[in-house]
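Trainee: Numbering (the numbering used here), first residue to last: 39 to 148. Every residue gets a Cβ at the ideal spot worked out from N, C-alpha and C, and that includes glycine. It should be emphasised that the depicted structure is a prediction, and the values quoted were computed from it without experimental measurement. What follows is a single structure, and I will ask about it in a moment.
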Amino acid sequence: MRIGSLLIFTLFLGLMTAGPALAHKVNLFAYVEGGKIYTESYFPDGKKVKQGTVEIRDSHGRRLVTGTTDDEGLYNCPIPKVDDLTIVIKASMGHKNSYLLKKAEVEDGQ
């Protein structure tokens with residue numbers, strides 16, 4: 039009986055901590071095509087990231103470009119540098135995520 043109670047407590051504790059972990063999640067997808075970087079940002083419930091800040095950083099962490107998503111959660115800009123590029127999205131209420139575009143992907147998309 040004691041093991042059953044411990045199992046129920048453990049499951050309950052797991053469920054209680056899962057919510058906050060997902061609360062600050064935002065999804066980010068990026069790709070390169072025709073000399074431009076394209077991003078799409080959205081929350082787990084499907085809502086688009088409106089007016090989110092997008093930063094593009096090089097492999098040394100230097101910020102190359104800063105922009106803002108539109109009402110559809112989209113952003114694009116010309117390729118600022120052929121390098122491993124980290125795309126960062128900063129949305130409302132502390133939501134943040136990043137996406138790595140490898141140098142080979144950037145080269146292929148020129």
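Which residue spans inside the region 56 to 131 form an unbroken beta strand (DSSP E) run of at least 3?
Mentor: 65 to 71, 74 to 80, 91 to 95, 101 to 106, 112 to 116 and 123 to 128
Trainee: Can you grab the Cα-Cα spacing for the pair Lys-88 / Val-144, in whole Å?
Mentor: 25 Å
Trainee: Measuring only the C-alpha atoms, how far is Leu-66 from Ala-142?
Mentor: Linking Leu-66 to Ala-142 through their CA atoms gives a straight-line distance of about 19 Å.
Trainee: Using only the alpha-carbon positions, how far apart do Ala-59 and Ser-130 sit?
Mentor: Low local confidence applies: a pLDDT of 48 at Ala-59 is under 50, so the model's placement there is unreliable, and no value is given.
Trainee: Distance, Cα to Cα, Asp-96 vs Ala-68?
Mentor: 15 Å
Trainee: For Leu-138, is the classification buried or exposed, using 16 other Cβ atoms within 10 angstroms of its Cβ as the cut-off for buried?
Mentor: Leu-138 should be labelled exposed.
Trainee: Between the Cα of Asp-122 and the Cα atoms of Leu-102, Val-92 and Glu-78, which residue gives the shortest distance?
Mentor: Asp-122 has its Cα closest to that of Leu-102, out of Leu-102, Val-92 and Glu-78.
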